[in-house]
Amino acid sequence: MGAAQSFRELCDRTKNTNVRLSLPAVCIVWQTAMIILFGVFIRYNEESDTHWVEYRKENNLSDIQNDFYFRYPSFQDVHVMIFVGFGFLMTFLQRYSFGAVGFNFLIAAFGLQWALLMQGWFHSLDYTDGKIKIGVENLINADFCVAGCLIAYGAVLGKVSPVQLLVLTLFGITLFAVEEYIILDLIHAKDAGGSMVIHTFGGYYGLSISWMLYRPNLDQSNRLQSSVYHSDVFAMIGTLFLWMFWPSFNSAITDHGDGQHRAAINTYLALASTVLTTVAVSSLFQKHGKLDMVHIQNSTLAGGVAVGTAAEFMLMPYGSLIVGFCCGIISTLGYIFLTPFMEKYLKIQDTCGIHNLHAMPGVIGGIVGAITAAAATESVYGAEGLRNTFDFEGEFADRSTSKQGGHQAAGLCVAICFGVGGGILVGFILRLPIWGDPADDNCFNDEPYWEPTTEECQNQQPSLSLHGQTTKMIALSQSM
Amino acid sequence: MGAAQSFRELCDRTKNTNVRLSLPAVCIVWQTAMIILFGVFIRYNEESDTHWVEYRKENNLSDIQNDFYFRYPSFQDVHVMIFVGFGFLMTFLQRYSFGAVGFNFLIAAFGLQWALLMQGWFHSLDYTDGKIKIGVENLINADFCVAGCLIAYGAVLGKVSPVQLLVLTLFGITLFAVEEYIILDLIHAKDAGGSMVIHTFGGYYGLSISWMLYRPNLDQSNRLQSSVYHSDVFAMIGTLFLWMFWPSFNSAITDHGDGQHRAAINTYLALASTVLTTVAVSSLFQKHGKLDMVHIQNSTLAGGVAVGTAAEFMLMPYGSLIVGFCCGIISTLGYIFLTPFMEKYLKIQDTCGIHNLHAMPGVIGGIVGAITAAAATESVYGAEGLRNTFDFEGEFADRSTSKQGGHQAAGLCVAICFGVGGGILVGFILRLPIWGDPADDNCFNDEPYWEPTTEECQNQQPSLSLHGQTTKMIALSQSM
Amino acid sequence: MGAAQSFRELCDRTKNTNVRLSLPAVCIVWQTAMIILFGVFIRYNEESDTHWVEYRKENNLSDIQNDFYFRYPSFQDVHVMIFVGFGFLMTFLQRYSFGAVGFNFLIAAFGLQWALLMQGWFHSLDYTDGKIKIGVENLINADFCVAGCLIAYGAVLGKVSPVQLLVLTLFGITLFAVEEYIILDLIHAKDAGGSMVIHTFGGYYGLSISWMLYRPNLDQSNRLQSSVYHSDVFAMIGTLFLWMFWPSFNSAITDHGDGQHRAAINTYLALASTVLTTVAVSSLFQKHGKLDMVHIQNSTLAGGVAVGTAAEFMLMPYGSLIVGFCCGIISTLGYIFLTPFMEKYLKIQDTCGIHNLHAMPGVIGGIVGAITAAAATESVYGAEGLRNTFDFEGEFADRSTSKQGGHQAAGLCVAICFGVGGGILVGFILRLPIWGDPADDNCFNDEPYWEPTTEECQNQQPSLSLHGQTTKMIALSQSM
């Protein structure tokens, strides 16, 4: 009885999650719009255009000095972080791996096209012909822009429909581009690894949306809101690729030469330090000192987030270690104490704990960046090095490092405001009852949006397998 | 009773799949032959030889201008696509993961050595001393060559023995090298990403072989010809690494500078566009608009195949998006309608649906390449750029772009002919009863060629687990 | 009864594996010490310092000639090998995936910081200011240094506590740095890929420790000392990333230009050849010629180890194939015959068979290197090439290649001595009863050191589930 009934319920439920019209419509319309806009606005820049061969000779350059060779390896590492890193990191839930990897894939492919346009209008517009000229650096920035939305996805993982995710991404990219323009161009703050622009914004954007979409009865899905042995191993694939390639992430768009070199070293060291303090705190607060996979999967990455802004500064190797040291502790404590507190009292349900992995470390990163910038001196950087590192040129030629520090802090505030404000706005839109989101007792489940796999009916789904076997049993008992 | 019996049958079956003599014999003989041939023919080229240090000074070059630094990062990405990308993409079957990853590994390691020789004789032979001089570009081309055979493997996945796969590879590499020489050197068609040379050839080669090896009673293996939850997640590892690194694949051997830069951008955009249309069509044709993992795993890659030939041309960003847009739709529709049709009426059993992922998109890519080439103008490319992009030098100095378009089309035809013709020939050879291929009711199963793992006997085998469940059921009935 | 009792035992057991105080203490103290030491000693070198912009102009260099662009792509590949390669290679055990990936992660992050200091004091100390100046090459060397300890971990996998692993690493890194200094600087042996310095040392270091920690009653854990289907697929992720990136490993710190180029080619070829002979021997010695996953996962990598020392020499392509050919055979035979023999008669329990994958191939690599060096001639290398390849400069300007061959052999002996001697010493320390290592019947089990996941108690653990079934059986018989 119970089995059959629960099975019927399971099917009924899929009714209200039908996205058969909305999802294809959004995708096709959107992609068509992209083709038109790309046709009107986007062209190759002088380094990816066939005229490079002439350009190169005029400027007496070698092919190897094409920006492609400075940035492409880092780009590919960033690309892996976006699609495999973020995707697999979210596969820890026992029955939401398709959604984690698949929707992550969809969001990223959807967002990066819009990001190329939005960021292009702000940063790569050629006023001579009104076209956006793109090269490998634009691809990296598009991936960065998408990262903000993937971070936000982590907060609502398993509780929203793919259509909602596309809306979240559309607005997220737009807000990101504006916020980035204000912080980097108007305020002229530096943010190589995007501690502020990407992680702080993305984190608070997702948390605000999750707060707007609060589900009081989410506990009905509790049996699925946990990991199983294999899903935790899959998640480690994401963790490790994020951890390993983070130095490329923070150095991907920094200055050629020492800028990229230094950013990679600082990130490498901060991450190493984070691993040890994460393990320490995780063990210290568990019964028998056992390690918790949730901490190993997430908090070990906090150092990379927090060193993002200052990565290209003369943070010094020991400075990087200190940043990582603190973030490992703070992030792990966040998972142990803050996440439950936020869910219970602030009504913020944060599936992946992005507050501990992105929001908090992002803010720390912004502060570290402000302090490091304010403390910068010519004696350490060298006159040219200082100018070069902080781009004290043109209208900013006479800016002092202390002033720069203040502007860094201002940038951090802008990121937080855009994140919170934008999240509340978008969250409000996503509460409309038209998006086909799952019922409270059907969250963290691939069943509503993905065709089931064979085994599904036999071994995996408790109720079903029970049901399926029963019939077999009867046959068996008869054969006895 | 039944359980025990079915188990005994399972064991008996392994009899006719014994490759204990043939497999080691082929491997050892082959590898020995390779050592001898490499000893006679293969040497380092001037960039990988210790004389580089003198060569460099004579030509006033810097170490960084060694081709290694132009191509090695792309090479490593391609390498990952070949071994992890293709390997894991095929792990979607519930009980054929060892065969998918392991035989993919064997084919690739086996094929790339033969490819270095075959391609070397055609392209890198130094007539002064009759030696083949190899460098990093040869390694990339060897990987490309192997890709053709791995594509073919996708069509016969789970239905052949490792020995058959080695034969398939031996002939496949040979045919590939000849076909490539005709298309690239004699016809002088351009094919940066190998839409024609790799994907069209490999696709039809595999389909023809599968047609020759048609199994009327394959439905006896149906219970295994499907995925389970975990196997689909494993397959996504392959999908994502192929998707992410495809820009490196299409730009790996293009011209230094703008050629590599542009090819990467075009591929990046085409793939992004494909993801959206794939999701749209997959959702549109499923009940309740649920997404099908098969489409997400495969069709999302079609854009990378189709943009291969034109990737280095001035396809324009919007052009790339259009190519991706169409391929996502066509490829997904292929999985929904064409694959079942081909199996039922054309007697072509295509395990991985390579016709939708490689053959069709490959042909589209060839056509797109022909059109783009024919439409090329000096006003867009610049005089030098045009000459440079299409290598209008030497005997081809006076070739017009429209003529080039025609030759591109001719190249496509050659690829199809070699694929179909070669496949029928090799398929005929593979039908000989000496290769130890599995019985119809033992396909898509690792059991015939791989030592079983522990759990095997306890939890996995239906019969046994069935037994275990029995008790649960009764207990249940009692509790009711 | 039995079920409940065995379960209680399972819980009791965790008592003696409580690391709640020791693990956090070691991590925090250690990381704090690192911060202090880095503060005192470590600074950026001229290529990662902001003064690069001046340095560059003085030396008339382009940004692209910053060492970062020569080595960073290889560094990232090596980084992946260390964290994903070694980590996942060890996930083959059915219930030790968390420990394999997680402790590998901990050891590496812990060790690379100490390695930067130890290696820095020996190789990168700037005597003008007493500071260690680091750049990307130091990061690569730190990863290399860590590799030695991860190899050692393979021998004791599943039998030690995380605290023991940290001790193993602390001493391992120290010994490594000294041994490396003696071999590379004092003896002036060349060892690009570390066949001697990394693999021989690491292999014998681990084996000696395992010998000191011999567990006579380990068979009590036998039910867990085996793989399951999924865990073998996870392990293949490690195998493939190691295999694919090994050319980067062997070429990461070789000379710019032809050195890196040649090392990559040689490694690529050796590895391809190893795959075929591994498959051949694996099939030849199994019933029905079935392949054993253990061999495919490990022996296929032996060629990369064995070609490490000679990778940068003029080994010639066919030479690389021969090295790979032999190692595939020897390594696989080692797994079939030697490992059982060593456990039974030498009391060396080698969980991952590192003797077959690292120790033996490492020794072969050292010998190949000695022979290749002794056989080097100016006619093959060119006068400048010879000097350049073997660094016959300064005090070594007049060293003959035959003399170099002898010194290579001497280097190999040093590596073995340090490995065996250091292992016995450290093994003695690890036998102290204070480290919280698991009981004999609780080895190869994540349960003592990791918080359980949901499913844990229900489906996964054989013994329990097995037991569970029994009781249900009784219920069945009664109900009839």
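Line by line, the protein sequences are chains P, B and Z.
Under our numbering, residues 127 to 606 are what the first sequence spells out, in order.
Under our numbering, residues 127 to 606 are what the second sequence spells out, in order.
Under our numbering, residues 127 to 606 are what the third sequence spells out, in order.
Note that the Cβ used here is the ideal one computed from N, Cα and C, for glycine as well.
Quiz item: What is the DSSP secondary structure of S352/Z, counted as helix, strand or coil?
Solution: coil
Quiz item: At which residues does the beta strand (DSSP E) containing R169/B begin and terminate?
Solution: I168 to Y170
Practice problem: Would you list, in sequence order, the uninterrupted beta strand (DSSP E) runs of no fewer than 3 residues that lie entirely inside the stretch 151-192 of chain Z? | Solution: 168-170
Quiz item: So, does the CB of L149/B fall closer than 8 Å to a CB anywhere in chain Z?
Solution: yes
Quiz item: Which same chain residues, not among the five before or five after G225/B, have their C-beta less than 6 Å away from its C-beta?
Solution: D572
Self-check item: Min CB distance W369/Z to chain B below 8 Å
Solution: yes
Quiz item: In three-state terms, what does DSSP make of D566/P?
Solution: helix
Quiz prompt | Neighbour list for F451/Z in chain B, Cβ cutoff strictly below 7 Å | solution = Q157 and I161
Exercise. Using 10 angstroms around the beta-carbon of L310/P, count the other beta-carbons present and answer buried if the total reaches 16, otherwise exposed.
Key: buried
Quiz item: Bridge partners of K470/Z, per DSSP?
Solution: Its beta-bridge partners do not exist; DSSP assigns none.
Quiz item: Do the stretch 282-289 of chain P and the stretch 467-485 of chain P touch if we need at least three Cβ pairs shorter than 8 Å?
Solution: yes
Exercise. Quick one: list the residues of chain P neighbouring V227/Z, beta-carbon separation under 8 Å, in chain order.
Key: V359, M362 and L366
Quiz prompt | Residue from L427/P, F194/P and A437/P whose Cα sits closest to the Cα of I497/P | solution = A437/P
Quiz prompt | Identified DSSP bridge partners for I258/B | solution = I168/B and L251/B
Exercise. For I335/P, I'd like the list of residues in its chain whose CB is within less than 7 Å of its CB, leaving aside the five on either flank, ordered along the chain.
Key: A278, A281, V282, L294, G549, V552, G553 and L556
Practice problem: Counting only the same chain and skipping the five closest in sequence on each side, list residues whose C-beta sits under 7 Å from that of K609/P. | Solution: With chain P running from 127 to 606 in the structure shown, residue 609/P is simply not present.
Self-check item: Proximity of E180/P and D193/P at Cβ, strictly below 8 Å
Solution: no
Quiz item: Taking Cβ-Cβ distances below 8 Å as the criterion, which residues of the stretch 250-265 of chain P are in contact with chain C?
Solution: Here the protein chains are P, B and Z, and chain C is not one of them.
Exercise. Using a Cβ cut-off of 8 Å (strictly closer), state whether E305/B contacts chain P.
Key: no
Quiz item: By how many angstroms is the C-alpha of P373/P removed from the C-alpha of A541/P?
Solution: 22 Å
Quiz item: Buried or exposed: Y444/P, going by 16 or more other Cβ atoms within 10 Å of its Cβ?
Solution: buried
Practice problem: Report yes if the CB atom of L219/B is closer than 8 Å to the CB atom of S357/B, and no otherwise. | Solution: yes
Quiz item: Of all the options G298/Z, P578/Z, H421/Z and P564/Z, which has the alpha carbon lying nearest to the alpha carbon of Q346/Z?
Solution: P564/Z
Quiz item: Whose C-beta lies closer than 6 Å to the C-beta of I455/Z among residues of the same chain, with five residues either side of it excluded?
Solution: T403 and V407
Practice problem: Show which residues of chain Z have a CB atom less than 7 Å away from the CB atom of I190/P. | Solution: I190
Quiz item: Hey, does L232/Z have any beta-carbon neighbour from chain P nearer than 8 Å?
Solution: yes
Quiz item: Which two residues bound the contiguous alpha helix (DSSP H) that contains V323/B?
Solution: Looking at the DSSP string, V323/B is not in any alpha helix (DSSP H), and its letter there is neither H nor E.
Quiz item: Assuming I266/B contacts I379/B under a Cβ cut-off of 8 Å, what Cβ separation, rounded to an integer in Å, is found between them?
Solution: 6 Å
Quiz item: From Y331/B, I260/B and T393/B, pick the residue whose C-alpha is nearest to that of T426/B; which is it?
Solution: T393/B
Quiz item: Should P574/Z go down as buried or exposed, given a rule of 16 or more other Cβ atoms within 10 Å for buried?
Solution: buried
Practice problem: Starting from the Cα of T580/B, find the closest Cα among N376/Z, F439/Z and Y355/Z and give me that residue. | Solution: Y355/Z
Exercise. Using a Cβ cut-off of 8 Å (strictly closer), state whether N482/P contacts chain B.
Key: no
Quiz item: Within this structure, are the beta carbons of I324/B and F451/Z separated by less than 8 Å?
Solution: no
Practice problem: Output yes if chain B places a C-beta closer than 8 Å to the C-beta of L551/P; else output no. | Solution: no
Practice problem: Could you work out which residues of chain P lie near A398/B, taking near to mean beta carbons separated by less than 7 Å? | Solution: A235, L238 and Q239
Exercise. Take every Cβ of the stretch 304-318 of chain P, pair it with every Cβ of the stretch 523-542 of chain P, and state whether three or more of those distances are shorter than 8 Å.
Key: yes
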